[in-house]
Amino acid sequence: MVLFSGCQKSGRTTTDSGVQTSSTTVREASPVETQVAVSKAYSQFIDVRTPEEYAGGHAARAVNIPLDTLMGSLDRLEKNEPVYLICQTGRRSGQAAEMLKGAGFSNVINVTGGTTAWQAADLPMETKPPHNVPAPK
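Throughout, this note's numbering is defined as the position within the sequence shown, counted from one, plus 2.
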């Protein structure tokens, strides 16, 4: 996803896996990298769009927690596990990523280009009503 306004882009580096990092921003991963990661290991994959947008089509495995309810749902997420965030283009998920980082989440990843890029990469999509994130065990 594209970084949102207010983020600084200085100090950016790219890891061997291609994930971009920075001391002033959250990590970013391409849709393909994200799809591989959420398929292989436990991770929290959150679509922060509205329930209506989500129901119209979303990345496979993503659960819906709208941006405006995210802070009220923090107790349902695990702070020390990877959290991948996606929206339509990257702006809202970028905002969500900063919110989670500010709340003490240690591994926050913003999906570059959002659902638009996910679809362009021909990655699996689902169309079903929103479902809730299960509470951590």
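From the three backbone atoms N, C-alpha and C, an ideal C-beta is built for every residue, glycine too.
Near the ligand MN: residue i beta-carbon under 8 angstroms from a heavy atom
i, result
"K81", "You won't find the ligand MN in this model; it holds no ligand whatsoever."
Cβ pair residue i, residue j closer than 9 angstroms
i, j, result
"S45", "V110", "no"
"V28", "L125", "no"
"L72", "N112", "no"
"Q97", "L69", "yes"
"C89", "G59", "no"
Distance between residue j and residue i (C-alpha atoms, nearest Å)
i, j, result
"R78", "I48", "12 angstroms"
"I67", "K81", "16 angstroms"
"V40", "L76", "20 angstroms"
"P33", "A99", "16 angstroms"
Helix, strand or coil at residue i according to DSSP, with G and I counted as helix
i, result
"V65", "strand"
"V38", "helix"
"E80", "coil"
"Q121", "helix"
"Q46", "strand"
Exposed unless 16 or more other CB atoms sit within 10 angstroms - verdict on residue i
i, result
"T129", "exposed"
"A123", "exposed"
"A43", "exposed"
"E30", "buried"
"A119", "buried"
Run of the alpha helix (DSSP H) containing residue i, from where it starts to where it stops
i, result
"Y56", "P53 to A57"
Boundaries (first-last residue) of the beta strand (DSSP E) holding residue i
i, result
"A31", "R29 to A31"
"L102", "No beta strand (DSSP E) holds L102; the alpha helix (DSSP H) holding it covers R93 to G104."
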